[in-house]
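Remarks on the structure that follows.
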Amino acid sequence: MRFYYPEGRLLDTAQNRAALVSPSTLADACRDGQILEARAVVCDSEHNLIVDLGCMKGIIPREESAIGIREGTVRDIAILSRVNRPVCFLVTGFDTLPDGTTVARLSRRMAQEQCQQSYLSTLSPGDVIDATITHLEVFGAFADIGCGIISLLPIDAISISRISHPAERFSVGMEIKAIVKTIENQRITLSHKELLGTWTENAARFSPGETVGGIVRSVEPYGIFVELAPNLAGLAELKEGVEPGQQASVYIKNMIPSRMKVKLIVIDTFDGPCHPQCPDYFFTGKHMDAFHYSPPDCEKQIVTVFGAKSAPEKHPL
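Heads up, the sequence shown is in this note's numbering, so the first residue is 1 and it goes up one at a time.
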């Protein structure tokens, strides 16, 4: 089975390095239709990508740089942004320049089409896949899910605990797992929070009487919400001077599984940077039919069901 990875993950593999050793091994890769990776070093004035193959130079013509460039549905910024980054490609042939230099003709678009047809088209909602964060917007994170094909991970699907910006969870280049939430017209939308554990799994890491670290997520008239883990937050009593985004030390007063409640007391808060950490996944399987966040005896049930066309969340009271 051929595997299709987010760009950058093939770069230092033994198979990829072996294919770039010499013109003859590159010709073998061309003959075999092997997807390779190398670093794009220049985007010329005509928006062709120049790729350093080690044994020779490669050129990805503008229209071969990505699905959608030829049709005008993808802007050229998608080409410019690849400079100094790994790009995947198929070798389509070789040309001899007037000075006698041999260069390889490459196509990133063909690699993406192969990824779409042989891998992404086989996915179903609930499948767990590899992804790499490519850029962040206030409404969500964009992730490479294979050969530079980008998918959206909406902000409300990143974790159970609410955040104001995806940068609080992710950084560009971070390698993550994601779950296919919906597929519509070949467009895949991702989710992530279902992989971060249920309330019970997260709560098992904490005990009443402990004082632990957290992040203040919001200050409401009735209390302060403090995140203990991406899928677990507790409510603390009001305290003067506490602001959203602050680091906090909190005393765990009580935990009530039947109500999904964690009662806290804020001991201290301070301003300080919170650098995103690689996610800690509870679910390590390849497919999930449904995610039951709530404890079984809890009156409020939070459930995600993955179906053929959608993955609705159920919050019956």
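In this text, a Cβ means the ideal position worked out from N, Cα and C, and glycines have one as well.
Computed from a predicted structure; not experimentally measured.
query: K309 - DSSP class collapsed to helix/strand/coil; result: Low per-residue confidence applies at K309: pLDDT is 47, beneath 50, and the placement is therefore not dependable, though the value from the model is reported in the following sentence. DSSP places K309 in coil when its eight states are reduced to three.
query: Contacting residues, own chain, Cβ-Cβ under 7 Å from G307 (five flanking each side not counted); result: P125
query: Neighbourhood of M110 by C-beta, 6 Å cutoff - its chain only, sequence neighbours within 5 removed; result: L90
query: Short Cβ contact (9 Å threshold) for E237 with I256; result: no
query: Alpha-carbon spacing of I59 relative to P166, whole angstroms; result: 35 Å
query: Selected residue, minimal CA-CA separation from R205, among S171, I252, I215; result: I252
query: Buried or exposed by the 16-neighbour rule on C-beta atoms within 10 Å, applied to D144; result: buried
query: Burial state of K300 (16 or more Cβ within 10 Å); result: exposed
query: Within 9 Å, strictly: CB atoms of A157 and K181; result: yes
query: 8 Å contact criterion, which Q247 and F225 should meet: CB distance rounded; result: Rounded, the Cβ-Cβ distance is 14 Å, inconsistent with contact.
query: Three-state secondary structure assigned by DSSP to S65; result: coil
query: For Y355, the nearest candidate out of G197, G214, K263 (CA to CA); result: The displayed coordinates of the chain run from 1 to 317. Any statement about residue 355 would go beyond what the structure contains.
query: V21 beta carbon less than 9 Å from that of K57; result: no
query: Reduced DSSP secondary structure (H/G/I, E/B, other) of T55; result: First, the amino acid is wrong: residue 55 is Cys here, not Thr. Coil at C55, not helix or strand.
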